[in-house]
Amino acid sequence: MLLLLETPAGYALFSLKNKKLLKADADSIYEQFKESTDAARQVSLTAFHKFKDTKDAMEACTELTEGTVGKSLKKFLKKNIVDAGVADNLAVLDKTLGGNINKKLGIEISVLSDGVKEIMRGIRMHLTALIDGLDEDEVKSMSLGLAHTLSRFKLKFSPDKVDTMIIQAVGLLDDLDKELNNFAMRLREWYGWHFPEMGKIVTENLAYAKVVKLMGLKTKAKDTDLSKVGVPEEIQDEVRAAAETSMGTEITDEDLNNINTLAERVIELTEYRASLAEYLKLRMSAIAPNLTYMVGELVGARLISQAGSLMSLAKHPSSTVQILGAEKALFRALKTKKQTPKYGLIYHASLVGQSAPALKGKISRVLAAKLSLCCRVDALGDQVEPSLGKEYKEYVEKRLATLEESGMRSLTKGISKPGQGKYEKQAASTKSGSAQYSKDADAVEEPVPKKRKKSEAAEGEEAPKKKKRKASAEEAAEEEEEVPKKKK
166 MLLLLETPAG
176 YALFSLKNKK
186 LLKADADSIY
196 EQFKESTDAA
206 RQVSLTAFHK
216 FKDTKDAMEA
226 CTELTEGTVG
236 KSLKKFLKKN
246 IVDAGVADNL
256 AVLDKTLGGN
266 INKKLGIEIS
276 VLSDGVKEIM
286 RGIRMHLTAL
296 IDGLDEDEVK
306 SMSLGLAHTL
316 SRFKLKFSPD
326 KVDTMIIQAV
336 GLLDDLDKEL
346 NNFAMRLREW
356 YGWHFPEMGK
366 IVTENLAYAK
376 VVKLMGLKTK
386 AKDTDLSKVG
396 VPEEIQDEVR
406 AAAETSMGTE
416 ITDEDLNNIN
426 TLAERVIELT
436 EYRASLAEYL
446 KLRMSAIAPN
456 LTYMVGELVG
466 ARLISQAGSL
476 MSLAKHPSST
486 VQILGAEKAL
496 FRALKTKKQT
506 PKYGLIYHAS
516 LVGQSAPALK
526 GKISRVLAAK
536 LSLCCRVDAL
546 GDQVEPSLGK
556 EYKEYVEKRL
566 ATLEESGMRS
576 LTKGISKPGQ
586 GKYEKQAAST
596 KSGSAQYSKD
606 ADAVEEPVPK
616 KRKKSEAAEG
626 EEAPKKKKRK
636 ASAEEAAEEE
646 EEVPKKKK
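Here this note's numbering is used: the first residue of the sequence shown is 166, the next is one more, and so on.
As structure tokens, then:
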């Protein structure tokens, strides 16, 4: 009877010398394998196939756990059993693996019993003694390496996918921004006592520090070529003109040395911040490609940092992702019974920033729903390309365009619009559609006079009658005055 044994070092094939052990109980089998010399009398090594490296061992181990017959195992059994013409049965611990060996190679597999299990256990106890060329320390190191590699493979774990580095990097990036701001303001204030006008001319902090380090005292502004630090000619001329009429105080060489030291520190920190931002971008692209494509590496890193890890972020529902980072505002709103916040850290995403103020809440909800799916794919999948992120970002952009279009429609509701119907050419028989010019078509149609009400018509007729009565009364009075004059 042959026994197939899988070890971290390779495949081993043993032949059972004492067949009485198959019917013996567990205690008696243990007594037979108590010492290595006893084990050598019970079994003997027929063949041994050593793995080339840890990768080869991991592939073989994966195939064995799935119950499939790999290339190396098939070649090993075919060479030592089928081609050798051995007719003995083969004992295998895994029932599924035994069935697949029987199907592929036609080798008879013996029924697994408690006695065979104890024999296998006894062989493992004295493995290094039964197999020549194997050291116990070497087997232990092989077992440890194989266990780590297999665990990484099972958990889809990779050293490149350690999100702890992202959490530390984004935290350091925020600290560097604060320190750089403080140092740059201190440098401007300190050097401003000597050359206050330069603060308004050179506005960028890095360029200001480089100019201070290169120029030193303001009296050297004429002789200093500021183009070495990337300052344009216009700004150079302004700096030289301002240095001639500067109202700053004089400083000593010792003061200038301390100012230069601070300027060097600002330059170093700015350069380190740029390299750290590039490192964070590469890390985020490796760990969470879909999340990075959707909201950018900085917002994605802050979301992971706020959640604790990428796996924790993947476990959060989309409603939590939406307000992640606005916990204080949320609990304050719940306490005061006011409206809860609509967005947290994802407010800084470009998709939310480019939307109208009235649509920011809706877009943040849509974006959070897609972000939660992207986080789950990044945490539990093994994708390298942001294929899902591209699809979801396109969906969110279309949704934003739809909401903006519907918002414009609601704003223009009630405003009359010109007819957008198709132009139809009128037939020649119509008034204005004739082939020749028609003067009758230019005639202006006068509007039909509206009918007046009876009461308005009656009032209009009474007014002229009153005027006539007044006129007749005046004529009678004039006649009476003329009559006495004639009598006299």
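Cβ atoms here follow ideal geometry from the backbone N, Cα and C, with glycine treated the same way. The structure presented is a predicted model; accordingly, all values stated were derived computationally and were not measured.
>> I need the straight-line Cα distance from residue 256 to residue 180, nearest angstrom please.
In response: In the sequence shown, counting from the first residue as 1, residue 256 sits at position 91. In the sequence shown, counting from the first residue as 1, residue 180 sits at position 15. The alpha-carbon atoms of residue 256 and residue 180 are separated by roughly 10 Å.
> Given a threshold of 16 other Cβ atoms within 10 Å of its Cβ, counted over all protein chains shown, does residue 346 qualify as buried or as exposed?
Replying inline: Counting from one through the sequence shown, the residue named residue 346 turns up at place 181. The residue in question, residue 346, is exposed, as its Cβ has fewer than 16 Cβ neighbours within 10 Å.
> Which residue from 333, 313 and 189 puts its Cα closest to that of residue 442?
Replying inline: For this step, residue 442 is matched to residue 277 along the sequence shown. Selected option, being the one with the closest Cα: 333.
>> Considering only the alpha carbon of each residue, which of 445, 364, 308 and 217 lies closest to residue 407?
In response: What you label residue 407 is simply residue 242 of the sequence shown in a count that begins at 1. The residue with the shortest Cα to Cα distance from residue 407 is 364.
> From residue 175 to residue 306, what does the alpha carbon distance come to, in whole angstroms?
Replying inline: Looking up residue 175 in the sequence shown gives position 10. Looking up residue 306 in the sequence shown gives position 141. Their Cα atoms are separated by approximately 14 Å.
> Is it right to say residue 437 is buried, meaning 16 or more other beta carbons lie within 10 angstroms of its own, or is it exposed?
Replying inline: Taking the first residue of the sequence shown as 1, we reach residue 437 at position 272. Residue 437 is exposed by the Cβ-count criterion.
> With a CB to CB cut of under 8 Å and the five nearest residues on each side skipped, what residues in its chain are close to residue 632?
Replying inline: For the purposes of this step, residue 632 is taken as residue 467 along the sequence shown, with counting starting at 1. Because the pLDDT at residue 632 is just 49, under 50, the model does not fix this residue reliably, and the value given afterwards should be weighed accordingly. Result list for residue 632: empty, nothing under 8 Å.
> For residue 417, does the count of other Cβ atoms within 10 angstroms reach 16, so buried, or fall short, so exposed?
Replying inline: Taking the sequence shown and counting its residues from 1, one reaches residue 417 at position 252. By the 10 Å Cβ count, residue 417 comes out exposed.
> Would you say the segment 288–306 touches the segment 205–222, given that touching needs at least three Cβ pairs under 8 Å?
Replying inline: yes
> With distances taken between CB atoms, is the gap from residue 287 to residue 264 smaller than 9 Å?
Replying inline: On the sequence shown, position 122 is the one that residue 287 refers to. On the sequence shown, position 99 is the one that residue 264 refers to. Going by C-beta atoms, residue 287 is not nearer than 9 Å to residue 264.
>> Can you give me the C-alpha to C-alpha distance between residue 465 and residue 457, rounded to a whole angstrom?
In response: Reading the sequence shown from its first residue, position 300 is the one you call residue 465. Reading the sequence shown from its first residue, position 292 is the one you call residue 457. Cα to Cα, residue 465 sits roughly 6 Å from residue 457.
> By a C-beta neighbour count over all protein chains shown, 10 Å radius and 16 as the cutoff for buried, is residue 496 buried or exposed?
Replying inline: Position 331 of the sequence shown, counting from 1, holds the residue named residue 496. It counts as exposed.
> What first and last residue would you give for the alpha helix (DSSP H) that runs through residue 544?
Replying inline: Here residue 544 refers to the residue found at position 379 of the sequence shown. Run containing residue 544: 525–545, per the alpha helix (DSSP H) assignment.
> Who does residue 447 pair with in a DSSP beta bridge?
Replying inline: Numbered from its first residue, the sequence shown carries residue 447 at position 282. Answer by DSSP bridge pairing: none, since residue 447 is not bridged.
>> Using the Cβ count rule (16 or more neighbours within 10 Å means buried), how would you classify residue 410?
In response: Taking the sequence shown and counting its residues from 1, one reaches residue 410 at position 245. Burial call: exposed.
> Going by DSSP, what residues sit across from residue 356 in a beta bridge?
Replying inline: As a working mapping, residue 356 is identified with position 191 in the sequence shown. Per DSSP, none; premise fails for residue 356.
>> For residue 214, list the residues DSSP reports as bridge partners.
In response: The residue labelled residue 214 in the question sits at position 49 within the sequence shown. Residue 214 is bridged to 176.
> Considering only C-alpha positions, which residue in the set 248, 502 and 517 is nearest to residue 565?
Replying inline: To locate residue 565, count along the sequence shown from 1; it is residue 400. Among 248, 502 and 517, the Cα nearest to that of residue 565 is on 517.
>> Within a Cβ cutoff of 7 Å, which residues of the same chain sit near residue 428, ignoring the five residues on either side of it in sequence?
In response: Working through the sequence shown from its first residue, we reach residue 428 at position 263. Here the set comprises 352, 374, 377 and 378.
>> Using 9 Å as the threshold, is the C-beta distance between residue 453 and residue 475 below it?
In response: The sequence position of residue 453 within the sequence shown is 288, counting from 1. The sequence position of residue 475 within the sequence shown is 310, counting from 1. Contact: yes.
>> I'd like the list of long-range same chain contacts for residue 554, defined as Cβ closer than 8 Å, with 5 residues on each side in sequence excluded.
In response: Stepping through the sequence shown from its first residue, residue 554 is reached at position 389. Within the same chain, Cβ atoms closer than 8 Å to the Cβ of residue 554 are found at 454, 455, 456, 457, 458, 459 and 539, the five residues on either side in sequence being excluded.
> Should the segment 221–239 be regarded as contacting the segment 188–205, the criterion being three or more beta carbon pairs within less than 8 Å?
Replying inline: no
>> Assuming contact is defined by CB atoms lying nearer than 9 Å, are residue 534 and residue 569 in contact in what I supplied?
In response: Counting from one through the sequence shown, the residue named residue 534 turns up at place 369. Counting from one through the sequence shown, the residue named residue 569 turns up at place 404. Cβ atoms of residue 534 and residue 569: not closer than 9 Å.
>> According to DSSP, is residue 275 part of a helix, a strand, or is it coil?
In response: Residue mapping note: residue 275 aligns to position 110 of the sequence shown, counting from 1. Annotated three-state conformation of residue 275 is coil, per DSSP.
> Taking the Cβ atom as the reference point for each residue, do residue 194 and residue 331 lie within a distance shorter than 9 Å?
Replying inline: Counting from one through the sequence shown, the residue named residue 194 turns up at place 29. Counting from one through the sequence shown, the residue named residue 331 turns up at place 166. Contact flag unset, no.
>> My assumption, with CB atoms under 8 Å, is that residue 292 sits in contact with residue 259. Please give the rounded CB distance.
In response: Taking the first residue of the sequence shown as 1, we reach residue 292 at position 127. Taking the first residue of the sequence shown as 1, we reach residue 259 at position 94. At roughly 19 Å, the Cβ-Cβ gap does not stay under 8 Å, so residue 292 and residue 259 are not in contact.
>> Based on DSSP bridge pairs, tell me the residues matched to residue 386.
In response: As a position in the sequence shown, residue 386 is number 221, starting the count at 1. Its beta-bridge partners do not exist; DSSP assigns none.
> residue 650: buried (16+ other C-beta within 10 angstroms of its C-beta) or exposed?
Replying inline: Working through the sequence shown from its first residue, we reach residue 650 at position 485. At residue 650 the pLDDT is 47, less than 50, meaning the model places this residue with poor confidence; the figure from the coordinates comes in the next sentence. Looking at its Cβ environment, which holds fewer than 16 other Cβ atoms inside 10 Å, residue 650 is exposed.
>> Give the list of continuous alpha helix (DSSP H) stretches no shorter than 4 residues that lie fully inside the segment 456–503.
In response: 462–472, 475–480, 483–487 and 492–501
> Since residue 349 contacts residue 431 with CB under 8 Å, what's their CB separation in whole angstroms?
Replying inline: Here residue 349 is taken as the residue at index 184 of the sequence shown, counted from 1. Here residue 431 is taken as the residue at index 266 of the sequence shown, counted from 1. With a Cβ gap of about 6 Å, residue 349 and residue 431 count as contacting.
> In terms of alpha-carbon separation, which member of 537, 562 and 426 lies closest to residue 525?
Replying inline: Sequence index remark: in the sequence shown, residue 525 carries index 360 (1-based). Selected option, being the one with the closest Cα: 562.
> What's the gap between the Cα of residue 572 and the Cα of residue 560?
Replying inline: Translated into the one-based positions of the sequence shown, residue 572 becomes position 407. Translated into the one-based positions of the sequence shown, residue 560 becomes position 395. Near 18 Å, if we compare the C-alpha coordinates of residue 560 and residue 572.
> Three-state secondary structure (DSSP) at residue 209?
Replying inline: Stepping through the sequence shown from its first residue, residue 209 is reached at position 44. Three-state DSSP puts residue 209 in a strand.
> Rounded to a whole number of angstroms, what is the C-alpha to C-alpha distance between residue 253 and residue 312?
Replying inline: Residue 253 sits at position 88 when you count from the first residue of the sequence shown. Residue 312 sits at position 147 when you count from the first residue of the sequence shown. Answer to the nearest angstrom: the Cα atoms are 33 Å apart.
>> Suppose the cutoff is 8 Å on Cβ atoms and the five residues either side in sequence are ignored; what does the same chain contact list for residue 318 look like?
In response: Along the sequence shown, read from residue 1 onward, the residue named residue 318 stands at position 153. Taken in chain order, the residues that qualify are 223 and 227.
> If residue 445 sits next to residue 335, beta carbons under 8 Å apart, how far is it from one beta carbon to the other, in whole angstroms?
Replying inline: Mapped onto the sequence shown, residue 445 falls at position 280. Mapped onto the sequence shown, residue 335 falls at position 170. That belief holds up - the Cβ atoms of residue 445 and residue 335 are roughly 6 Å apart, short of 8 Å.
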